[in-house]
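Have a look at the structure below, then the notes.
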Amino acid sequence: MHLTHFQDADQLGRLYCFANQLVNHEQSNGEKMKKVVAVISIIFLTFGTYPADAAAKVKVLNSNKISTKTGLVTITVSGLAKDHGIYISQCMGIEKSKTAPAACNPAETSKLWVSNVAADQKMGAKPGTGKLTLKVDKYFKDGDCIHTKCIIYVTNDHNAADKSTYQAIGFKFGGINLF
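Each residue of the sequence shown is one higher than the one before, counting from 1 in UniProt numbering.
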């Protein structure tokens, strides 16, 4: 259970005092047990309504002025989960009624695996601290980022239980805005 989802420490303290008053109120053992079960159920329901970890936040610092010569994108990552990382890729924009891009750049330089898990870093993941660099291309196999919209596509990595969350961050090359 993650206690960090409470708005402040006072909220957690009030919940504890409420539970303590219910349990310690003078009553028979049967009534006391019913209240203990009720309090435990309330606590589990309260904690259970929040995800185990929040989605990582990815920020592209130069999303509207990427150099057409270098194609370098500067990225920062915050809020990485402790048990898994994320994948970051250059992809075509997601079409309406679709949940994933139709094509992503196959070049290794246009992909990042970011994780703070030590075992992942031993296998090639970059740590999620500081600024990261990703190279995006104007054109790639099945992709055209000059005449159509392209995105930086972020998904949870293979270690995550939830593969459904993603971020799509639009970008443009500096001086070229045809879409």
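Using N, Cα and C, we set each Cβ at its ideal position, and we do this for glycine too.
{"Check": "Which residues DSSP lists as bridging residue 91, in chain order", "Outcome": "104 and 151"}
{"Check": "Bridge-paired residues (DSSP) for residue 133", "Outcome": "74"}
{"Check": "Limits of the beta strand (DSSP E) - the one that residue 168 falls within", "Outcome": "166-171"}
{"Check": "Contact between the stretch 158-170 and the stretch 136-148 (3+ Cβ pairs under 8 Å)", "Outcome": "no"}
{"Check": "Per-residue burial, residue 164 [other beta carbons within 10 Å of its own, 16 or more giving buried]", "Outcome": "exposed"}
{"Check": "Proximity below 7 Å, CB of residue 141 to CB of residue 106", "Outcome": "yes"}
{"Check": "Secondary structure of residue 122, DSSP reduced to three states", "Outcome": "helix"}
{"Check": "Own chain residues within Cβ distance below 7 Å of residue 121, not counting five before or after", "Outcome": "115 and 127"}
{"Check": "Residue span of the beta strand (DSSP E) that contains residue 112, given as start and end", "Outcome": "111-114"}
{"Check": "Whole-angstrom distance between residue 86 and residue 124, CA atom to CA atom", "Outcome": "13 Å"}
{"Check": "Proximity to residue 130 [Cα-Cα], best of 69, 75 and 111", "Outcome": "75"}
{"Check": "8 Å contact criterion, which residue 77 and residue 58 should meet: CB distance rounded", "Outcome": "5 Å"}
{"Check": "Nearest-angstrom beta carbon gap, residue 135 and residue 110 [assumed within contact, 8 Å]", "Outcome": "6 Å"}
{"Check": "Nearest candidate by alpha-carbon position, reference residue 132, set 94, 139, 112 and 97", "Outcome": "112"}
{"Check": "Those residues which DSSP pairs with residue 143 across a bridge", "Outcome": "140"}
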